[in-house]
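Chemist: Sharing a structure, written as structure tokens. Questions coming.
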Amino acid sequence: MKESKMTFNEVNARREKVLSTKRSLYTQKEIMNLLKEDKFKFSFSGHTDDNGEWAIKNAKRSVLGSLEFVDMYNNEMITELELAKSKGEDYQRNEGLSTIKLADIDKEISYYRDRLKSFKERKIKETEKIDWSSSREFHCFKCGMELNYILLDENTIGLGATTSMNKEDIWDCTCPFKDGAKGHSYYITVPTGELVFANYFDDKKIYTEADKDRDCYIDSDRKEMEIFEPKEKWNGELSLNTHAGRIGLMNHYSSKHNIAFGQMGSMSVGIYIKKGKKDRIVISSAYLSDRVNESDDKEVVSKAKKFLKEYRLLGCISLEVWRWMAADMSILKKNKIPIKFAEKDSYRDENILVKVKKGKWKVTHQFRTDDCDEDKDLEYSILEFENETK
Ligand SMILES: [Zn+2]
Numbered sequence: 085m086k087e088s089k090m091t092f093n094e095v096n097a098r099r100e101k102v103l104s105t106k107r108s109l110y111t112q113k114e115i116m117n118l119l120k121e122d123k124f125k126f127s128f129s130g131h132t133d134d135n136g137e138w139a140i141k142n143a144k145r146s147v148l149g150s151l152e153f154v155d156m157y158n159n160e161m162i163t164e165l166e167l168a169k170s171k172g173e174d175y176q177r178n179e180g181l182s183t184i185k186l187a188d189i190d191k192e193i194s195y196y197r198d199r200l201k202s203f204k205e206r207k208i209k210e211t212e213k214i215d216w217s218s219s220r221e222f223h224c225f226k227c228g229m230e231l232n233y234i235l236l237d238e239n240t241i242g243l244g245a246t247t248s249m250n251k252e253d254i255w256d257c258t259c260p261f262k263d264g265a266k267g268h269s270y271y272i273t274v275p276t277g278e279l280v281f282a283n284y285f286d287d288k289k290i291y292t293e294a295d296k297d298r299d300c301y302i303d304s305d306r307k308e309m310e311i312f313e314p315k316e317k318w319n320g321e322l323s324l325n326t327h328a329g330r331i332g333l334m335n336h337y338s339s340k341h342n343i344a345f346g347q348m349g350s351m352s353v354g355i356y357i358k359k360g361k362k363d364r365i366v367i368s369s370a371y372l373s374d375r376v377n378e379s380d381d382k383e384v385v386s387k388a389k390k391f392l393k394e395y396r397l398l399g400c401i402s403l404e405v406w407r408w409m410a411a412d413m414s415i416l417k418k419n420k421i422p423i424k425f426a427e428k429d430s431y432r433d434e435n436i437l438v439k440v441k442k443g444k445w446k447v448t449h450q451f452r453t454d455d456c457d458e459d460k461d462l463e464y465s466i467l468e469f470e471n472e473t474k
């Protein structure tokens with residue numbers, strides 16, 4: 085996505101200019117009635133993987149609901165204001181809301197009449213937002229864009245970016261992940277050949293006066309800081325909630341801290357190493373050997389069997405914080421991150437130390453809670469030896 089340097093006003097001016105060349109199609113009232121008769125198709129520009137009935141139903145409910153509200157609310161306000169006027173009283177809609185003085189009622193009535201007039205008479209143009217009073221009607225969980233329902237043409241309602249996004253081309257809002265949100269690859273280096281896996285690195289240190297300027301102070305009560313967490317936390321480009329945001333986080337941890345990171349769900353994982361050459365580590369289910377004995381699904385059993393023939397389990401980690409992380413031992417030592425290995429009989433490890441080839445490793449994270457069959461897509465994350473670069 086190309087970010088624009090345009091100001092909000094410039095984007096708005098451009099939008100007005102673009103709209104002036106577009107055809108006027110329907111009034112909001114007409115759109116409301118056409119929706120009731122199911123006369124529109126919906127186009128999601130790839131922002132949802134679900135183009136079926138559920139997505140359409142939801143979109144229809146959202147647009148229709150907001151238009152019906154505009155219609156009902158303005159009509160109700162006019163009726164109630166006229167009633168108050170006929171009784172010669174001030175008007176108060178709800179307790180706590182300001183009172184409209186009798187002397188101002190006519191002005192208020194004409195305000196709601198204007199809104200209703202526009203609802204009935206002002207035509208929405210193609211590519212224009214349908215309900216101009218609402219913002220952020222659709223959130224894409226892949227690219228993270230906040231979108232509005234727009235009138236694409238006389239038969240179609242689509243999704244468009246809002247002007248507040250400062251996008252240079254506000255009409256081109258096809259989802260960058262329209263073909264699916266696939267795995268993401270990045271690199272880390274393992275100079276010591278000792279790679280430590282964890283649920284997450286407990287990198288909280290006591291906050292000191294000297295750290296005040298470091299801008300990574302996270303919790304005023306606990307007076308702690310987290311070294312590896314992004315300073316520009318959760319700004320949209322770094323987010324646990326969207327595929328794009330999770331890619332941003334993987335890039336953050338790997339490029340800024342040389343740490344491998346993969347977002348998971350509430351689950352346990354096993355760390356497996358390829359038998360023989362040991363140049364491939366796979367993060368998969370912690371329960372693969374149980375599946376071989378217990379599952380009734382032939383495909384699940386045969387996939388698990390084949391996997392266990394090629395890989396050896398090194399240990400299991402319970403992901404209380406829904407992620408796994410891994411880093412070279414030197415990073416943990418440098419930052420004084422405590423490393424705890426499992427008690428003798430414990431089923432779960434806190435950290436797993438893997439002796440690997442020294443050098444550059446490629447990490448590919450494929451797991452998505454919303455699109456992964458945990459029993460059949462066994463390679464949640466893959467770490468592959470690339471070369472001996474330090
Ligand atoms: Zn999207």
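Numbered according to my numbering, the sequence shown spans residues 85 to 474. Glycine included, every Cβ here is placed at the ideal spot set by N, Cα and C. Remember, predicted model here, so these are calculated numbers, not experimental data.
1) Here's the rule I'm using: 16 or more other beta-carbon atoms within 10 Å means buried, otherwise exposed. How should Q347 be labelled?
2) Suppose only complete runs of 3+ residues qualify. What are the beta strand (DSSP E) ranges in the stretch 329-365, listed by chain order?
3) At what residues does the beta strand (DSSP E) containing N471 begin and finish?
4) Would a C-beta distance cut-off of 7 Å place S368 and Y464 closer than the cut-off?
5) Let me make sure I understand the geometry here. Which of F153, L462, K418 has the alpha-carbon closest to that of D276?
6) Are the beta-carbon atoms of I466 and T448 separated by less than 7 Å?
7) I'd like to know if Y157 contacts chain D, where contact means its C-beta is closer than 7 Å to some C-beta of that chain.
8) Whole-angstrom Cβ separation of H327 and F261, contact assumed at under 8 Å?
9) Look at the alpha carbon of S304 and the alpha carbon of S150, and state the distance between them as a whole number of angstroms.
10) How big is the Cα-Cα spacing for Q176 and F126?
11) In this structure, how does DSSP classify S202 when only helix, strand and coil are distinguished?
12) State whether the stretch 229-249 contacts the stretch 196-206, with contact taken as three or more CB pairs (one from each stretch) at a distance under 8 Å.
13) Is A139 helix, strand or coil by DSSP?
14) CA-CA distance, K424 and I401?
15) Assign S182 to buried or exposed, taking buried as 16 or more other Cβ atoms, counted over all protein chains shown, within 10 Å of its Cβ.
16) Can you tell me which residues form a DSSP beta bridge with V485?
17) Would you mind working out which of T211, L236, K441 sits nearest D363, comparing C-alpha positions?
18) Rounded to a whole number of angstroms, what is the C-alpha to C-alpha distance between D461 and F391?
19) Three-state secondary structure (DSSP) at E278?
20) So does K226 have its beta carbon nearer than 6 Å to some heavy atom of ligand 1?
21) According to the Cβ coordinates, are Q450 and G267 closer than 7 Å?
22) Would you check if the distance between the CB atom of G399 and the CB atom of D455 is smaller than 7 Å?
23) Could you tell me whether the stretch 370-383 touches the stretch 403-415, where touching means 3 or more Cβ pairs closer than 8 Å?
Modeler: Looking at the coordinates:
1) Counting of Cβ neighbours within 10 angstroms places Q347 among the buried residues, the total reaching 16 or more.
2) Counting only runs that start and end inside the stretch 329-365, the beta strand (DSSP E) elements of at least 3 residues fall at 343-347, 352-358.
3) 465-471 is the span of the beta strand (DSSP E), which, as asked, contains N471.
4) The answer is yes: Cβ separation under 7 Å.
5) It should be noted that the sequence gives Thr, not Asp, for residue 276. Of F153, L462, K418, the residue nearest in Cα terms is K418.
6) Contact flag set, yes.
7) In summary, chain D is missing from the structure at hand, where a single protein chain is found.
8) The C-beta separation of H327 from F261 comes to about 6 Å, placing the pair in contact by the 8 Å criterion.
9) Residue placement at S304 is poorly supported in this model, since its pLDDT is 45, which falls under 50; the coordinates still yield a value, given next. Near 41 Å, if we compare the C-alpha coordinates of S150 and S304.
10) Going by the C-alpha atoms only, they are around 40 Å apart.
11) Residue state, collapsed to three classes: helix.
12) The stretch 229-249 makes no contact with the stretch 196-206; the number of CB pairs closer than 8 Å stays below 3.
13) A139: helix per DSSP, three-state reduction.
14) Taken atom to atom, the span from the alpha-carbon of K424 to that of I401 is near 12 Å.
15) Classification of S182: exposed, given that the 10 Å Cβ count is below 16.
16) Residue 485 lies beyond the range of the chain shown here (85 to 474); nothing can be said about it.
17) When C-alpha distances from D363 are compared across T211, L236, K441, the shortest belongs to K441.
18) The alpha-carbon atoms of D461 and F391 are separated by roughly 11 Å.
19) Assignment of E278 by DSSP, reduced to helix, strand and coil, places it in the strand class.
20) For K226, the shortest separation between its Cβ and any heavy atom of ligand 1 lies below 6 Å.
21) Yes.
22) Against a cut-off of 7 Å, the Cβ pair of D455 and G399 comes out as no contact.
23) They do not touch, by the three-pair rule.
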